[in-house]
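Note sheet for the following structure.
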Amino acid sequence: MRFEFTDEHDMFRNTVRDLFADRCPPDAVRASWETTDARVPDLWGALAEIGVLAALAPEEAGGLGMDEVAFVRILEEVGYAAVPEPLMEHAFVAIPALAEARSDALDSAIAGSTTITIDIDGSGTVASAAIADAIVTRVDDGLAFTTQYDTTALTTIDQSRRLAAVKGGVTVGLDGADAALAYDRAVLGAAAQCIGIARRLLDATVAYVGDRQQFGKPVGSYQAVKHHLADVRIAVEFAAPLVYRAAWSVAHPETHEPLARARDVSMAKAQASDAVDLAARKALQCHGAIGYTFEYDLQLWLKRAWALSAAYGDARRHRDRVATAIGLA
Amino acid sequence: MRFEFTDEHDMFRNTVRDLFADRCPPDAVRASWETTDARVPDLWGALAEIGVLAALAPEEAGGLGMDEVAFVRILEEVGYAAVPEPLMEHAFVAIPALAEARSDALDSAIAGSTTITIDIDGSGTVASAAIADAIVTRVDDGLAFTTQYDTTALTTIDQSRRLAAVKGGVTVGLDGADAALAYDRAVLGAAAQCIGIARRLLDATVAYVGDRQQFGKPVGSYQAVKHHLADVRIAVEFAAPLVYRAAWSVAHPETHEPLARARDVSMAKAQASDAVDLAARKALQCHGAIGYTFEYDLQLWLKRAWALSAAYGDARRHRDRVATAIGLA
Amino acid sequence: MDLELSQRQVEFRDEIRTWLTEHHPGRIASMDTPDGFEAHREWEKVLFDAGWSVPAWPVAYGGRDCDLIEWLIYEEEYWLSGVPGRVSANGVSLLAPTIFNFGSRQQQDHFLPKMASGEHIWAQGWSEPEAGSDLAGIKTKAIRDGDDFVLNGQKTWCSRGAYADWIFCIVRTDPDAERHRGLTYLLVPADSPGLERRPINRLDGEPSFAELFFDDCRVSADHVLGEEGQGWGVAMAAAGSERGLSLRSPGRFMAAAERLTELARSIRADGSIDVRLRDEVVDAWIRAQAYRWQTYQLAAGLMGGDEIGSEASLGKVFWSELDVELHATALRLLGDRAEIVDDNDWLDGYLFALSGPIYAGTNEIQRNIIAERVLGLPRRG
Amino acid sequence: MDLELSQRQVEFRDEIRTWLTEHHPGRIASMDTPDGFEAHREWEKVLFDAGWSVPAWPVAYGGRDCDLIEWLIYEEEYWLSGVPGRVSANGVSLLAPTIFNFGSRQQQDHFLPKMASGEHIWAQGWSEPEAGSDLAGIKTKAIRDGDDFVLNGQKTWCSRGAYADWIFCIVRTDPDAERHRGLTYLLVPADSPGLERRPINRLDGEPSFAELFFDDCRVSADHVLGEEGQGWGVAMAAAGSERGLSLRSPGRFMAAAERLTELARSIRADGSIDVRLRDEVVDAWIRAQAYRWQTYQLAAGLMGGDEIGSEASLGKVFWSELDVELHATALRLLGDRAEIVDDNDWLDGYLFALSGPIYAGTNEIQRNIIAERVLGLPRRG
């Protein structure tokens, strides 16, 4: 038992953080809103280059064979930078599913020459569908691989989600891929992003209230503001370890039956959703009117918070899954 | 439409408030805890004398024919003073039921020579059973009048409730008495007492934090403490009008069908329970350790808050009744 | 105590209810778009022509001399009917009480009828980049020059400011005075030379606010409201009404709670409403009722001669937090559909509601006021 | 990262689990009654004789030299087993770390084994009537006289103080020094002449605390812990541990959450659990797990050389509010039975939990610490 990240974990995370700071600043996120099919320039290729796309693919398939514990910290950075690309869907859900199914599509996905998103519940409403080449789709109890589909863009509050209604396409089954595992991966990936978003909202707000003056004092010197932000800090502090712990469960099927894995993943999402909801509410309140504007960058994270807190199941739904796992439902 | 108390309303309320201040100070409440069958000295007779016991009885039966709107303000004072006598049960529930049934027991109840409590759901667990002479009891769809019963005292957190398990006794039906109305009266009476308790907890805490010094300043000058108590003030401000409005509904069956009455009464109890719960929590937190002690009087209201917030249905249960009334259940 | 409508009140209610049903213009574009703004102005004219734009005003200015209770009934019916919102709200709710109290007869005769008819749509120009809730920090200068004032400075968070005809401002006419002193309440034509307006887009990209840039902008001294240098007192009287009855009548929240209940019922028809969400819906519905009855009680007090003071802060916190939670519940009920913007009034309403705990004095400041002025806790340690 | 127990840790867990099962004394009276206090002292002796009273201490003082992870495992098993609580907690959790850090060799050799065995049960004498969370306001005087200090003054909220054998106090040895200066950490025999103890009854009437009255009470200068006049620094080191790991191990809340879950299951068996209450139960269960894993992460940091500083406040707020809400949920589950005291451990637990957000620095103060020292917000405007 040692709940501690390795130096390699930290280095990998820092590399990705630096990449996002460089290639995906707020302006790039804003630019992505203008269209439903443009990419963040130079980002996908760079992610392939430093091995992020290949991280979870098995070594024998050309991947890094990294584990989920390392990767959720990358996904935190995706949230922290509000990256508008389907990295979670592609690298954390689709690639492992393709590897399980020994799909021919794996190589190009690892290389980054394709982008694959997911339709985890088969609803036909899919994030990043228009910029992706293929979709890993839930079909009955299994997964399938859909290409050459049509999309109709949906306007959503978080436009960097690039949600679209998907129709038609060519679908082939992904025999051997674990649909329940893929769902848990998506939930966990969303939870990790929520943590990153909450951290960013908190950092931005701490900086703002330390600077902004009202009634002759920094806003952040008022006890009410202090307590708002202390509550956010507490929520993040106790949600994050559940995300890492759930990543461990996903990475260790030999000691974690599907029910235990689902319980751990749902605990993580329930707390991460609650934490990011609180962070969004308090960030807006502590910013005051400026946080409420389109021009100010805070909105990029606010909207992402609202979307990802609910996406892949909100806190209520995941508490229901935990209830089942602990014999209460 | 005029949501305003009359001068007579206010005078009657003030008379009762003065009586409680004089005859039922905290020491008298404490003393009542020592036994399950002692009365607060001189209180019941005095209440009979100034017409409080007779207030809701019809004039032709020797009562004052006062309405529920006036009486809920008396019950607020019962809460404010933590009066350990079953005034609500006797004068607000039992007497109207006896009057409806033209019971022989009405005269002595009005005169105060008897004390009558209620078992509103027929559970057999009855407040003030040991000091009462009779119980108005729910039996099937109606009400009955029970005397000569046996009691076993139960130790409860609010010992001034004097809860007892009741067995045996002689029971006669109260034909003509409205059991559903009696239930709503009890709920409304509990709500009114919750408002009074919440006001007292707030007043006591405002006084304490204005005086108590920590780190060289009054505790009440800290913004966190201010906001705690502002929240209590808000909760009381918006719960109280619902209590008065529900009293109006009970008093005006000609314009308020039983379903509308139940809706209004349950709205009042839901908000009053929530308000007194908040008041209790914040009062204790703002007092700090001293509020947590038996010797300090705050506990008299804290325990009453816990008991009456839940008694006759907690906030959840009453929101469920509202849900039914507005077509959601 | 009488909680039934009188025969006259019932007739009044039926009259406005019938009129609204018969004149409902259907859905019109958002008042934060140029076309929608003009469509809302048209609606103001329709209301005015029937005597329903400012029913609480004197007949001479286009009203009906309604008392407070009738006004509350009017508001309930107005919002429940689902007709468009009021583009005139800033003027009617915030400025008009100030004109009635402090305006000269000429100002009243000139401005009030035009406000009532929608000819003048007003925006509020109080906040500045460095003075949000702290109005005493206002820096925009207005220096007397002959019959005019010459304005220089910047205003922000000016609601409806992108398209309004007039703006009511607080400016600093004595640059040497500090904080609350030396401020003046000034009415500014939006087309004044030297005044540049720049829209500020709300979270959803709609220009709900504007920034105002004054660059040697001349405004006639006739347009001072109250006395020069007395702007703080004049403004605070209006701030009382902003927090109080006039801006947020219960009808608005009762209507929202009704719509929320309908949404929940429509989901129940699918057989899938979650008890936790149902509980939230019921709680919102109860709180809307609580706000209603507290307001009727307040109104009776005002009609009996009470003044509304710091107690207004109780209502501001209550309605603004109810509004946020009511809309958040609706979004939870919508589930996966919540994030989709198209035809989603609830999302729009949520964004609007989020500003409630911030504007007109943040709820943190309101709670300070409640603690210090209503409860009497020590000002500062 | 390795979140599985090692073979050795599994063996350790099984050893303590088995031992607790075999030695479970059943239900004993409350430690706030005279008989219950002695029964709890007996239990301390049973633990000590098996080497289970202070497993994290060195073997020389009766411990097992457990590392932090083993100690957390021990705590989980301890609380899950349902054996009696620790009457020695004040000493072991708050005083012992201070003795290990600041005590002389003689003090360590004298006090630690007696604390481990239950021969000395300790109470904390820090708070005073005018100094609750504000320890720097302490007024109890201790004036040097030869080899003794002579104490005069009053302490309050002294947990276990009614029956304890020894009391660890902070006293003012330099009456001219202000605030943090001139304080000394002093160990006081509870039977000292001139020390009068008066029980304070908790809400439920049990004497959970005592007031201490010092009237020319003589205490040997040998019993100073650390240096005379350095009491503030010595005490603050212990305050860190009070807020941190040592006082509230996750095992306690995991066990409470398990019992809550069992209570909910037993109600479900009747077919009547409310989804809203079930949701509260699940939330409490998740938060207990969150506290557990955050603690394991913290423990790994400490074992890697990190120090626990202001971050301890995060845990204090989290566990204390979890504890209140967990017990409030249990009372809601109990419904009408909640208010009945007899055999109602949940009500007892609720009363205990309510003190959590108050003692060891109120949660308001903890949130200030988090904001100012963890987040770096400005101290004071």
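Residue numbers (this note's numbering), protein chains in the order written: chain A, 52 to 380; chain B, 52 to 380; chain C, 455 to 835; chain D, 455 to 835.
Quick reminder that beta carbons are idealized off the backbone N, C-alpha and C, glycines included.
Can you give the Cα-Cα distance for A:Q210 and A:Q350, rounded to whole angstroms?
Near 11 Å, if we compare the C-alpha coordinates of A:Q350 and A:Q210.
Scan the stretch 135-147 of chain B for residues whose Cβ lies nearer than 7 Å to a Cβ of chain D and list them as they occur along the chain.
Those would be none; no residue qualifies.
For A:K218, count the other beta carbons within 10 Å of its own beta carbon; 16 or more makes it buried, fewer makes it exposed. Which is it?
Label assigned to A:K218: exposed.
Just by C-beta distance, which residues in the stretch 455-484 of chain C are closer than 7 Å to chain D?
When C-beta distances to chain D are compared with 7 Å, every residue of the stretch 455-484 of chain C stays at or above that value.
Which value, in whole angstroms, describes the spacing of the CA atoms of B:T256 and A:D88?
Taken atom to atom, the span from the alpha-carbon of B:T256 to that of A:D88 is near 60 Å.
Is there a Cβ of chain B sitting closer than 7 Å to that of D:D724, yes or no?
For D:D724, the answer is no, since every Cβ of chain B falls outside 7 Å of its Cβ.
Excluding the 5 residues preceding and the 5 following D:S581 in the sequence, name in chain order all residues of the same chain whose CB lies nearer than 7 Å to its CB.
Within the same chain, D:S581 has close Cβ partners K609, T610 and W611.
Report yes or no: do the stretch 776-786 of chain D and the stretch 800-820 of chain D share at least 3 C-beta pairs separated by less than 8 Å?
Enough Cβ pairs lie closer than 8 Å, so yes.
Per DSSP, which residues does A:G193 bridge with? Please list them.
Under DSSP, A:G193 forms a beta bridge with A:V190.
Please report how far the alpha carbon of D:R697 lies from the alpha carbon of D:L549, in whole angstroms.
Since pLDDT at D:R697 reaches only 48, below the 50 mark, its modelled position is unreliable, and no value is offered.
Within 10 angstroms of its Cβ, does C:D790 collect 16 or more other Cβ (buried), or is it exposed?
Its Cβ having fewer than 16 others within 10 Å, C:D790 is exposed.
Around the Cβ of B:L310, are there at least 16 other Cβ atoms within 10 angstroms (buried) or fewer (exposed)?
Its Cβ having fewer than 16 others within 10 Å, B:L310 is exposed.
Is the beta carbon of B:A195 less than 7 Å from the beta carbon of B:T206?
Not closer than 7 Å, so no.
Does the CB of C:N606 have a neighbour CB from chain A at under 7 Å?
By this cut-off, C:N606 is not an interface position.
To which residues does DSSP link C:Y639 through a beta bridge?
Answer by DSSP bridge pairing, in chain order: C:I624 and C:L679.
Closer than 8 Å at the beta carbon, the chain A residues around C:D728
Neighbourhood of C:D728 in chain A, by CB distance below 8 Å: R367, in chain order.
Starting from A:L239, follow the alpha helix (DSSP H) in both directions and report where the run begins and ends.
From DSSP, the alpha helix (DSSP H) with A:L239 extends over A230 to D262.
Can you tell me the Cα-Cα spacing of B:A241 and D:E476, whole angstroms?
Between B:A241 and D:E476, the C-alpha separation is close to 50 Å.
Taking B:E128 and B:G247 to be in contact with their CB atoms under 8 Å, please state how far apart those CB atoms are, rounded to whole angstroms.
That belief holds up - the Cβ atoms of B:E128 and B:G247 are roughly 6 Å apart, short of 8 Å.
Please compile the residues from chain A whose C-beta is within a distance smaller than 9 Å of the C-beta of D:F707.
When 9 Å is used as the limit between beta carbons, D:F707 is near no residue of chain A, the shortest such separation being about 12 Å.
Return the Cβ separation of C:I575 and C:R495 in integer angstroms, given the expectation that the two are a contact with Cβ distance under 8 Å.
With a Cβ gap of about 6 Å, C:I575 and C:R495 count as contacting.
Below 7 Å on C-beta distance, what does D:R656 contact in chain B?
Chain B residues near D:R656: Y343, T344 and F345.
For chain D, find out if any of its Cβ atoms is closer than 7 Å to the Cβ of C:D588; answer yes or no.
No - not a single Cβ of chain D is within 7 Å of the one on C:D588.
Residues of chain B with a CB under 7 Å from the CB of A:H278: which are they?
Near A:H278 (Cβ distances below 7 Å), the residues of chain B are A275.
When you compare the CB of A:T381 with every CB in chain C, is at least one pair closer than 7 Å?
The displayed coordinates of chain A run from 52 to 380. Any statement about residue 381 of chain A would go beyond what the structure contains.
Entirely enclosed alpha helix (DSSP H) segments - the stretch 294-366 of chain A, minimum 4 residues:
Within the stretch 294-366 of chain A, the complete alpha helix (DSSP H) segments of 4 residues or longer fall at 309-338 and 349-361, listed in chain order.
Looking at chain A, is there any beta carbon in it that lies within less than 7 Å of the beta carbon of D:T715?
Chain A, which has a Cβ nearer than 7 Å to the Cβ of D:T715, makes this yes.
From the DSSP output, in three-state form, read off D:F667 for me.
Strand.
From C:I823, C:Q578 and C:T594, pick the residue whose C-alpha is nearest to that of C:D630; which is it?
The candidate whose alpha carbon is nearest that of C:D630 is C:T594.
My assumption, with CB atoms under 8 Å, is that D:V642 sits in contact with D:G579. Please give the rounded CB distance.
Yes, D:V642 and D:G579 are in contact; Cβ-Cβ is about 7 Å, under 8 Å.
Taking the DSSP output, what are the residues bridged to D:R467?
DSSP, once it has assigned bridges, lists no residue as partnering D:R467.
Would you mind telling me which residues of chain A sit closer than 8 Å to C:D790, beta carbon to beta carbon, in chain order?
Contact annotation for C:D790 against chain A: S174, T176 and A361 [CB-CB distance below 8 Å, chain order].
Just grab the DSSP bridge partners of B:Q265 for me.
Answer is B:K268.
Using beta carbons (cut-off 7 Å, strictly below), is C:R697 in contact with chain D?
Any reading at C:R697 must be qualified, since the residue scores a pLDDT of 47, below 50, and its modelled position is unreliable; the value itself is stated next. Not closer than 7 Å to any Cβ of chain D, the Cβ of C:R697 fails to qualify, so no.
When the Cα of B:W357 is compared with those of D:G505, D:A792 and D:S547, which residue comes out closest?
Nearest option by C-alpha distance: D:A792.
For B:V238 and B:V316, believed in contact at Cβ under 8 Å, the rounded distance:
B:V316 to B:V238, Cβ: 5 Å. Contact.
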